[in-house]
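S.K.: Would you mind keeping the following structure in view while I ask a few things?
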Amino acid sequence: MNITVNNQTMTVPDGCCVKDLCDIMNIRENDGVAIAVGMDVLTPEDYTTRQLNEGDKVTIIRATCGG
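Each number in the working numbering comes from the position in the sequence shown (counting from 1) with 1 added on.
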């Protein structure tokens, strides 16, 4: 199925959850990221239960140091 991650189309397996997406993208829970699907900002506890659907728009923001 196709989803959009940070404005780029990506193909992921059917039944993929946010945790699976993180695994595909080599993102670990302690990488300092915030993830939203549509307008819903997720907590790390949501990653294993939030299933992705065809056409979902995912935003991944990485925290950075500095100012």
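Yeah, the Cβ is synthetic: ideal placement off N, Cα and C, and Gly gets one too.
Starting from Leu22, trace the beta strand (DSSP E) both ways and give me its first and last residue.
M.R.: Unbroken run through Leu22 is the alpha helix (DSSP H), Val19 to Ile25; no beta strand (DSSP E).
S.K.: Spatial neighbours of Gln52 within its chain, please: C-beta separation below 6 Å, excluding the five flanking residues on both sides.
M.R.: The answer, listed in chain order, is Cys18.
S.K.: Take Val6 and list the residues in its own chain whose beta-carbon comes closer than 7 Å to its own, dropping the five residues that flank it on each side.
M.R.: Closer than 7 Å at the Cβ level, and outside the excluded window around Val6, lie Val59 and Ile61.
S.K.: I'd like the list of long-range same chain contacts for Thr49, defined as Cβ closer than 7 Å, with 5 residues on each side in sequence excluded.
M.R.: Cβ neighbours of Thr49 beyond the five flanking positions: Cys18 and Lys20.
S.K.: If you count every other CB in all the chains shown that lies within 10 Å of the CB of Asp57, and 16 or more means buried, which is it?
M.R.: Counting Cβ neighbours within 10 Å, Asp57 comes out buried, since at least 16 surround it.
S.K.: Ignore the nearest five residues each way along the sequence and tell me which others in Glu46's own chain have a CB closer than 6 Å to its CB.
M.R.: Closer than 6 Å at Cβ, skipping near neighbours: no residue.
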